[in-house]
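Accompanying notes for the structure given below.
Residue numbers (my numbering), protein chains in the order written: chain Y, 1 to 165; chain L, 1001 to 1133.
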């Protein structure tokens, strides 16, 4: 499930690792890659109104070889399943996966007895780091997910936490 | 006074080394600091095509080179126009008639290349394919 050991770098120093983690967290490069309606919200997040660029994650790359984050935005149909797997394989380490929306978390509304068309959740075959619930999640929720991922990388939160409600 | 040239060379060498280090340094840093493998779920890390879909066939195929001949003919016109620029600058400075005749001769000789290609059938668009042996 993509959890096998990664060969570590030749040089490993804890201070250098901290600096690298800080750099990676503050400039995450997601993949231009939408599967369903959540991708519309992802596009809105990257566009002018919500402006993901404020958090350094706006460089959506069209090639998996240049990406850090795979945002699984939508339903993973069985037809798309091999493509998603291939794209994940092609991303270089370090890489993270965000499951955006209920479909990518668990299959969402498409789960019923005898369903034959979809994979019930990205974590069935990918090591998912961040889950963003919603159907679809609002752009703010995706931004919050990115911030959570940054926190996972660096161990500290860069932006103040906003209470719900 | 004699130390000045050596100092200059040292300066140039220092800047040269600085430039080389600036260019090669990131490669070395990336080599040392990057993880040396990547996780995979279906063993497709080395697949060349990056759209997620299995590549169909090979990129090394045979295809018609008809356009290549067109490109060669274009080159004839291209060089033609290139040499006409100085002519246009010097035109009509002394004898307009002589300039005109010389341009006509020049363009005429170059046009023979096009006539030759025409005669050889380059302008009829036919796929020239060869079966692989």
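Virtual Cβ for every residue (Gly too), placed ideally from N, Cα, C.
Note on geometry: alpha-carbon atoms of residue 90 (chain Y) and residue 1049 (chain L) lie some 9 Å from one another. Cα atoms of residue 164 (chain Y) and residue 140 (chain Y): separation of roughly 12 Å, rounded to the nearest angstrom. Counting other Cβ atoms within 10 Å of its Cβ, residue 135 (chain Y) stays below 16 and is therefore classed as exposed. Closest in alpha carbon position to residue 74 (chain Y), among Y:9, Y:144, Y:133, is Y:133.
Out of Y:83, Y:124, Y:154, Y:27, the CA that lies nearest to the CA of residue 103 (chain Y) is found in Y:124. Around the CB of residue 85 (chain Y), 16 or more other CB atoms lie within 10 Å, so the residue is classed as buried. The DSSP assignment places 139-154 as complete runs of the alpha helix (DSSP H) inside the segment 128-165 of chain Y, in order along the chain (cut-off: 4 residues). Residue 143 (chain Y) places its beta carbon less than 8 Å from that of residue 45 (chain Y). Note that the C-beta distance between residue 1066 (chain L) and residue 1125 (chain L) is below 8 Å.
Residue-level contact by beta carbon fails for residue 1002 (chain L) and chain Y, as no gap is shorter than 8 Å. The beta carbon of residue 147 (chain Y) sits closer than 8 Å to the beta carbons of 55, 157, 158, 159 from its chain, once the five residues preceding and following it are set aside; these are given in chain order. Counting only residues of its own chain and dropping the five nearest sequence neighbours on each side, residue 37 (chain Y) has a CB closer than 7 Å to the CB of 74, 136. Residue-level contact by beta carbon fails for residue 1021 (chain L) and chain Y, as no gap is shorter than 8 Å. Residues of the segment 30-64 of chain Y with a C-beta atom less than 9 Å from some C-beta of chain L are 33, 62, 63, 64, listed in chain order. Taking residue 1113 (chain L) as reference, the option from L:1025, L:1069, L:1089 with the minimal CA-CA separation is L:1069. When the five nearest sequence neighbours on each side are left out, the beta carbons in the same chain lying within less than 7 Å of the beta carbon of residue 30 (chain Y) are those of 57, 60, 67, 69, 71, in order along the chain. Residues of chain Y with a Cβ closer than 8 Å to the Cβ of residue 1034 (chain L) are, in chain order, 9, 92, 93.
Cβ neighbours of residue 1074 (chain L) within its own chain (closer than 6 Å, five residues either side excluded): none. Proximity of chain Y to residue 1053 (chain L) at the Cβ level (cut-off 9 Å) is accounted for by 82, 83, 86, in chain order. DSSP, reduced to helix, strand and coil, places residue 1118 (chain L) within a helical segment of the structure shown. With a beta-carbon spacing of about 10 Å, residue 112 (chain Y) and residue 118 (chain Y) fall beyond the 8 Å limit used to define contacts. Listed by position along chain Y, the residues whose Cβ is nearer than 9 Å to that of residue 1124 (chain L) form an empty set, because the closest Cβ is around 40 Å away. Taking a contact as a CB-CB distance under 8 Å, the pair residue 1045 (chain L) and residue 93 (chain Y) does not count as one, their CB atoms being some 10 Å apart. Listed in chain order, the beta strand (DSSP E) elements of length 3 or more contained wholly in the segment 27-103 of chain Y are 69-73, 96-100. Bounds of the alpha helix (DSSP H) holding residue 1025 (chain L) are 1003-1033. Residue 20 (chain Y) and residue 1033 (chain L) do touch by the CB rule: their CB atoms are close to 7 Å apart, below 8 Å. Residue-level contact check: residue 1041 (chain L) touches chain Y, since one or more beta carbons of chain Y fall below 8 Å from its beta carbon. For residue 122 (chain Y), there is no enclosing alpha helix (DSSP H), since its DSSP letter is neither H nor E.
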